[in-house]
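**Student:** Sharing a structure below in structure tokens format, with a few things to ask.
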Amino acid sequence: MVRPQAVTILDTTLRDGLQIEKTIVPTDTKVALAERLIAAGLRQIEVGSFVNPKKVPQMADTDDLLRRLQPHEDDGVEFFTLVFNRKGAERAAAAGAKNIKLVLSASEGHSRANSDAPIAQATERLLAAADYARDHGIRFDITTAVSFICPFDGITPADRLVEVLRPFVEAGAHGIGIADTIGNANPSLVRTNTSAVLAAFPDHPLGLHLHDTYNFGMANVIAALDLGVASFDSAMGGLGGCPFAPGAAGNIGTDDLVHLLHREGVATGVDVEALAEVRGPLVAAVGHELGSSLSQIPAVPAALAGASR
Ligand code: ZN
Numbered sequence: 430m431v432r433p434q435a436v437t438i439l440d441t442t443l444r445d446g447l448q449i450e451k452t453i454v455p456t457d458t459k460v461a462l463a464e465r466l467i468a469a470g471l472r473q474i475e476v477g478s479f480v481n482p483k484k485v486p487q488m489a490d491t492d493d494l495l496r497r498l499q500p501h502e503d504d505g506v507e508f509f510t511l512v513f514n515r516k517g518a519e520r521a522a523a524a525g526a527k528n529i530k531l532v533l534s535a536s537e538g539h540s541r542a543n544s545d546a547p548i549a550q551a552t553e554r555l556l557a558a559a560d561y562a563r564d565h566g567i568r569f570d571i572t573t574a575v576s577f578i579c580p581f582d583g584i585t586p587a588d589r590l591v592e593v594l595r596p597f598v599e600a601g602a603h604g605i606g607i608a609d610t611i612g613n614a615n616p617s618l619v620r621t622n623t624s625a626v627l628a629a630f631p632d633h634p635l636g637l638h639l640h641d642t643y644n645f646g647m648a649n650v651i652a653a654l655d656l657g658v659a660s661f662d663s664a665m666g667g668l669g670g671c672p673f674a675p676g677a678a679g680n681i682g683t684d685d686l687v688h689l690l691h692r693e694g695v696a697t698g699v700d701v702e703a704l705a706e707v708r709g710p711l712v713a714a715v716g717h718e719l720g721s722s723l724s725q726i727p728a729v730p731a732a733l734a735g736a737s738r
């Protein structure tokens, strides 16, 4: 498999990035941040999660936020939200969602922590959401948490990962996302499990969702890129983390990801300078500095700017 020449970046700053922040960012601020991300060229934005607002109050405005951003769909922007059950799918439909992501844990330990249910029961709930989405013309993807390694159960076997995904592919899922929820996968593990999913479901677009707890994030991007993966999730400045996975750190930074891909000659459609302008308002919104490498060294040397595209 050759490396893709272009990659799609799904920016999850507003969802994964903000879901564990102490500050509850107002909807107006989220809209403004999304508009800056769109202005920078990002065309896939994850805006929130249809979860119990008592459990994750940072995501309580997902319905409203999605509605307010929808005019940008005319510019070719796709908005994504996470759904965990049929009720979530109903909320997504009511808010006019065109794409949702159904989220399942690939390990029993994380499934219990994240959705209070074993995998079999969570699968049933999610398949009901899939039915609802299909009946209402909403495209759905299936995303697995802890796809490589789990803080409770250890390494996720590749065949296990394929088997938890299968019912959703059979139910009509469009894309597949596999997440390193705690950012503890290493490139060999990424290669093993990603290859298995690519081999099992070659006709479904595959995206990777990576966190950067141990600085393995960018090495994992390269490993996946070399397998032909052409879609990655990231959050501006490396914000993010899972409230139900102990030890999870931030996502790979959208800024760092764009920088790496451009340096490797892979197109993203993102304007580096416009993207940098998201940083200031984001710091103001969350009230602290960001963790991505480029947030620490904001100026890319001019000699390297020509390598960007
Ligand atoms: Zn995540």
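Heads up, the sequence shown is in my numbering, so the first residue is 430 and it goes up one at a time. The beta-carbon is built from N, C-alpha and C at its ideal position, and this holds for glycine as well.
Whole-angstrom Cβ separation of Ser721 and Asp685, contact assumed at under 8 Å?
**Tutor:** Reading the sequence shown from its first residue, position 292 is the one you call residue 721. Reading the sequence shown from its first residue, position 256 is the one you call residue 685. Right, the Cβ-Cβ distance comes to about 5 Å (below 8 Å), so this counts as a contact.
**Student:** Report the rounded CA-to-CA distance for Arg444 versus Val431, giving the unit in angstroms.
**Tutor:** What you label residue 444 is simply residue 15 of the sequence shown in a count that begins at 1. What you label residue 431 is simply residue 2 of the sequence shown in a count that begins at 1. Looking at the two C-alpha atoms, the distance is approximately 31 Å.
**Student:** I'd like to confirm the pairing. Which residues does DSSP put opposite Phe479 in its beta bridges?
**Tutor:** Within the sequence shown, the letter at position 50 stands for residue 479. Paired residue(s): Val512.
**Student:** Please report how far the alpha carbon of Asn528 lies from the alpha carbon of Ala664, in whole angstroms.
**Tutor:** If you number the sequence shown from 1, residue 528 lands on position 99. If you number the sequence shown from 1, residue 664 lands on position 235. The straight-line gap from Cα to Cα measures roughly 19 Å.
**Student:** Considering only C-alpha positions, which residue in the set Gly667, Leu627, Leu639 is nearest to Gly657?
**Tutor:** For the purposes of this step, residue 657 is identified with residue 228 of the sequence shown, where counting begins at 1. Selected option, being the one with the closest Cα: Leu627.
**Student:** Is Asp445 near ligand 1, going by C-beta to nearest heavy atom under 6 Å?
**Tutor:** Here residue 445 refers to the residue found at position 16 when the sequence shown is read from its first residue. Yes, the Cβ of Asp445 comes within 6 Å of a heavy atom of ligand 1.
**Student:** Cα-Cα, which of Ala468, Glu553, Lys530, Ala574 is closest to Gly393?
**Tutor:** Outside the displayed span of the chain (430 to 738) sits residue 393, for which this structure offers no information.
**Student:** Assuming Gly666 and Leu711 form a contact by the criterion Cβ under 8 Å, report the distance between their Cβ atoms to the nearest whole angstrom.
**Tutor:** Numbered from 1 along the sequence shown, position 237 holds the residue referred to as residue 666. Numbered from 1 along the sequence shown, position 282 holds the residue referred to as residue 711. At roughly 6 Å, the Cβ-Cβ gap stays under 8 Å, so Gly666 and Leu711 are in contact.
**Student:** Enumerate, from N- to C-terminal direction, the unbroken alpha helix (DSSP H) stretches of 4 or more residues contained entirely within the region 574-658.
**Tutor:** The region 574-658 contains these whole alpha helix (DSSP H) runs: 587-599, 616-629, 646-654.
**Student:** With DSSP as the reference, label Thr572 as helix, strand or coil.
**Tutor:** Here residue 572 refers to the residue found at position 143 when the sequence shown is read from its first residue. If DSSP states are grouped into helix, strand and coil, Thr572 belongs with the strands.
**Student:** Opposite Asn543 in the DSSP bridges: which residues?
**Tutor:** Numbered from 1 along the sequence shown, position 114 holds the residue referred to as residue 543. Paired residue(s): none; Asn543 is not in a bridge.
**Student:** Let me check understanding here. Comparing Cα to Cα, which of Ile578, Ala713, Pro486, Ala608 lies closest to Thr441?
**Tutor:** As a working note, residue 441 is residue 12 in the sequence shown. For Thr441, the nearest C-alpha among the options comes from Ala608.
**Student:** So is Gln487 buried or exposed if we call it buried at 16+ other beta carbons inside 10 Å?
**Tutor:** Taking the first residue of the sequence shown as 1, we reach residue 487 at position 58. Buried, by the Cβ-count rule.
**Student:** For Val460, report the span of its alpha helix (DSSP H) as first-last.
**Tutor:** The sequence position of residue 460 within the sequence shown is 31, counting from 1. It spans 456-468 - the alpha helix (DSSP H) in which Val460 sits, taken as one unbroken run.
**Student:** Leu690 and Val436: beta carbons closer than 7 Å?
**Tutor:** As a position in the sequence shown, residue 690 is number 261, starting the count at 1. As a position in the sequence shown, residue 436 is number 7, starting the count at 1. The answer is yes: Cβ separation under 7 Å.
**Student:** Output the distance between the C-alpha atoms of Leu549 and Ala518, rounded to the nearest integer angstrom.
**Tutor:** Mapped onto the sequence shown, residue 549 falls at position 120. Mapped onto the sequence shown, residue 518 falls at position 89. The question names Leu, yet the displayed sequence has Ala at residue 549. Between Ala549 and Ala518, the C-alpha separation is close to 19 Å.
**Student:** According to the Cβ coordinates, are Val707 and Arg465 closer than 7 Å?
**Tutor:** Position 278 of the sequence shown, counting from 1, holds the residue named residue 707. Position 36 of the sequence shown, counting from 1, holds the residue named residue 465. Against a cut-off of 7 Å, the Cβ pair of Arg465 and Val707 comes out as a contact.
**Student:** How big is the Cα-Cα spacing for Ser576 and Asp503?
**Tutor:** If you number the sequence shown from 1, residue 576 lands on position 147. If you number the sequence shown from 1, residue 503 lands on position 74. Whole-angstrom Cα-Cα distance: 34 Å.
**Student:** Measure the Cβ-Cβ separation of Leu531 and Val512 and say whether it is below 7 Å.
**Tutor:** Counting from 1 along the sequence shown, the entry for residue 531 is found at position 102. Counting from 1 along the sequence shown, the entry for residue 512 is found at position 83. Against a cut-off of 7 Å, the Cβ pair of Val512 and Leu531 comes out as a contact.
**Student:** Which stretch, first to last residue, makes up the beta strand (DSSP E) that contains Ile681?
**Tutor:** Translated into positions along the sequence shown, residue 681 becomes position 252. For Ile681, there is no enclosing beta strand (DSSP E), as DSSP marks it with neither H nor E.
**Student:** What does a CB cutoff of less than 6 Å around Gln434 pick up in its chain, not counting 5 residues either side in sequence?
**Tutor:** One-based indexing of the sequence shown puts residue 434 at position 5. If we look at Gln434 and ignore the five residues flanking it on each side, it has no Cβ neighbours.
**Student:** Report yes if the C-beta distance between Leu533 and Glu475 is below 7 Å; otherwise report no.
**Tutor:** In the sequence shown, the residue the question calls residue 533 occupies position 104. In the sequence shown, the residue the question calls residue 475 occupies position 46. No. Outside cutoff.
**Student:** With a CB to CB cut of under 7 Å and the five nearest residues on each side skipped, what residues in its chain are close to Ser624?
**Tutor:** Mapped onto the sequence shown, residue 624 falls at position 195. Taken in chain order, the residues that qualify are Leu656.
**Student:** Quick one: what's got a C-beta closer than 7 Å to Val699's C-beta in the same chain, skipping five residues either side?
**Tutor:** Mapped onto the sequence shown, residue 699 falls at position 270. Cβ neighbours of Val699 beyond the five flanking positions: Ile438, Ala469, Gly470, Leu471, Val687.
**Student:** Kindly identify the DSSP beta-bridge partner or partners of Lys530.
**Tutor:** Within the sequence shown, the letter at position 101 stands for residue 530. According to DSSP, Lys530 bridges with Leu511, Asp570.
**Student:** Can you grab the Cα-Cα spacing for the pair Gly601 / Asp564, in whole Å?
**Tutor:** The sequence position of residue 601 within the sequence shown is 172, counting from 1. The sequence position of residue 564 within the sequence shown is 135, counting from 1. A direct Cα-Cα distance of roughly 11 Å separates Gly601 from Asp564.
**Student:** By the 10 Å Cβ neighbour count, where 16 or more other Cβ atoms means buried, how is Ala713 classified, buried or exposed?
**Tutor:** Here residue 713 is taken as the residue at index 284 of the sequence shown, counted from 1. Burial call: exposed.
**Student:** With a threshold of 8 Å on Cβ separation, who are the neighbours of Pro631 within its own chain once the five nearest residues in sequence on each side are excluded?
**Tutor:** Taking the sequence shown and counting its residues from 1, one reaches residue 631 at position 202. Answer for Pro631: no residue qualifies.
**Student:** Run through DSSP, which three-state label would Ser660 get?
**Tutor:** Taking the first residue of the sequence shown as position 1, residue 660 is located at position 231. The answer is strand: DSSP assigns Ser660 an E or B state.
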